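435 is the number that the working numbering gives to position 203 of the sequence shown; each next residue is one higher, with no gaps. Every residue, glycine too, gets a C-beta built ideally from N, C-alpha and C. Note that this is a predicted model, so its numbers are computed, not measured.
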Amino acid sequence: MQVQELVDLKPFNTMAVAAKARYFTTIKTETDVREALAWAKAHDVKTFVLGGGANLLMTTEVVDRLVMRMAISGLEVVGETEVATYVKVGAGEDWHTTVDRLISMGYGGLENLALIPGTVGASVVQNIGAYGAEVAQRVKEIEVYNPATQEIEAMRAEECDFAYRHSIFKDDGYADLVVVSVTFELPKVWTPNLSYKELTHQVEGLEAVTPRDVFNAVVAVRSRKLPDPKDLGSAGSFFKNPVVDHDQFLALLEKFPSIVHYDVGGGYQKLAAGWMIDQAGLKGYRIGDAGTYEKQALVLVNHGQASGQELWQFAQMVQAKVLEKFGVALEPEPVIL
Ligand code: EPU
């Protein structure tokens, strides 16, 4: 394990923010994790595990931490039953490439989550979701390095407290667990999840829909709606879709009859944050190089030279406008560092 100083992180975050890591190391093995954490402890430095940097906004010029870039690789079939195949994947593997490879190997189940930027490790921390699916539905087990015991420990999916864009790995007391691998449970009898209208349209006319067809459909829909981080810096949706109770929802519905909402049970409604930002007149809005995407107001973009601080100020302006118009507080989805 090698530690470098003042490493430029611009290539390592999809928002393309220019920031430097005070200390930086690349993690390729479980031993690297152990050594990096020991180094950080000895030097009294906090750590930060960096995946694909696709869900991150750095607001300072120097991140005063040991940034551990997760690069543990590997993909292997580790077991099967009559109904499922189990595939273990290293935390540093690229998410989209993994979904693509699995489909080529004959394993469907993750296709609705195609083209999401980031790594396999981050996919579970964030519980990524799109087009009617969440990664948690396909997770069997997660291996983590636990600094308290200095051991690799296996956690079953049920222990991970998965919820909308949430896992136990975001909670205080668990955030220092380092995910090193994820084992997916992929169904032997596959059925397409076409609950999202746009996907149904995309596969219309096909005789027998395959995982590859759904994968291609998702790629097509996402490419139409969301910016490619290679062309335009972004971290995907910048805010979570907020959940409100029945009373607040009825009051909102009365004032805004066309408000976009989804029933999430228990009397709660999830609101489309993108719709609210759009209604607040902020779709495609821009201050300097910080802005919202012209085709999806929920996506904050860096038109080139916006600093992390400028993007964060822009995000706070969006929060204030939505709060003023709808009385709803938006919570950022990415990690703000
Ligand atoms: N809408 C507008 N104007 C906008 C944006 C959206 O009116 O500028 C409306 C749309 O017309 C639609 C509704 O708001 O009726 C919801 O929009 P969309 O279907 O694009 O989905 P979303 O709720 O904005 C969520 C996820 C995305 C995921 C899509 C598809 C969150 C925070 N975001 O977006 O995830 O791809 O659904 O399932 O839950 C991500 O997390 O980074 C991400 C891209």
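Taken through DSSP and simplified to helix, strand or coil, V560 comes out as coil. Inter-residue distance for D240 and S490 is about 45 angstroms (C-alpha atoms, whole angstroms). Residue environment for D264: buried (at least 16 other C-beta atoms within 10 angstroms of its C-beta). By the C-beta criterion, the stretch 337-350 is judged not to be in contact with the stretch 292-301, since fewer than 3 inter-stretch pairs fall below 8 angstroms.
Per DSSP, the beta bridge partners of I384 are Y377. At a threshold of 7 angstroms, A362 counts as near the ligand EPU, since its beta carbon sits closer than that to one of the ligand's heavy atoms.
Between H328 and L307, the C-beta gap is not smaller than 8 angstroms, which leaves the two residues out of contact.
Taken in chain order, the whole beta strand (DSSP E) runs of length 3 or more contained in the stretch 473-544 are 493-497, 500-503, 522-525 and 528-534.
Counting along the chain, the unbroken alpha helix (DSSP H) around V453 starts and ends at P443 to K457.
The beta carbon of R388 sits closer than 7 angstroms to the beta carbons of E373 from its chain, once the five residues preceding and following it are set aside; these are given in chain order. Counting C-beta pairs with one atom in each stretch, the stretch 358-375 and the stretch 238-258 have fewer than three that are closer than 8 angstroms, which means they do not touch.
Note on the stretch 236-270: whole beta strand (DSSP E) runs with a minimum of 3 residues are 236-240 and 252-259, in chain order. When DSSP reads this structure, S469 sits in a beta bridge with V531.
When the beta-carbon positions are compared, F416 and V371 come within less than 8 angstroms of each other. Taking V295 as reference, the option from R254, D326 and E325 with the minimal CA-CA separation is R254. Excluding sequence positions up to five before and after V441, its CB lies within less than 6 angstroms of the CB of P424 and V435, all in the same chain and listed in chain order. Its chain contains L458, P459, S466, G468, S469, F470, T524 and Y525 as the residues whose beta carbon lies nearer than 7 angstroms to that of V531, once the 5 sequence neighbours on both sides are disregarded; these appear in chain order. Residues of the same chain with a CB within less than 7 angstroms of the CB of V411, apart from the 5 flanking positions on each side, are A323, G353, V356, V357, I374, V376 and F401 in chain order.
Distance from the C-beta of L562 to the nearest heavy atom of the ligand EPU is not below 7 angstroms.
For E430, the enclosing alpha helix (DSSP H) covers residues K429 to V435. At a Cβ-Cβ threshold of 8 angstroms, I335 and P243 do not count as neighbours. In the structure shown, the three-state DSSP call for G353 is helix. Look at V376: its beta carbon is at least 7 angstroms from all of the heavy atoms in the ligand EPU.
Restricting attention to beta strand (DSSP E) runs no shorter than 3 residues, the stretch 264-337 encloses them at 279-282, 294-302, 307-312 and 316-322, ordered along the chain. The Cβ-Cβ distance between E542 and A561 does not fall below 8 angstroms.
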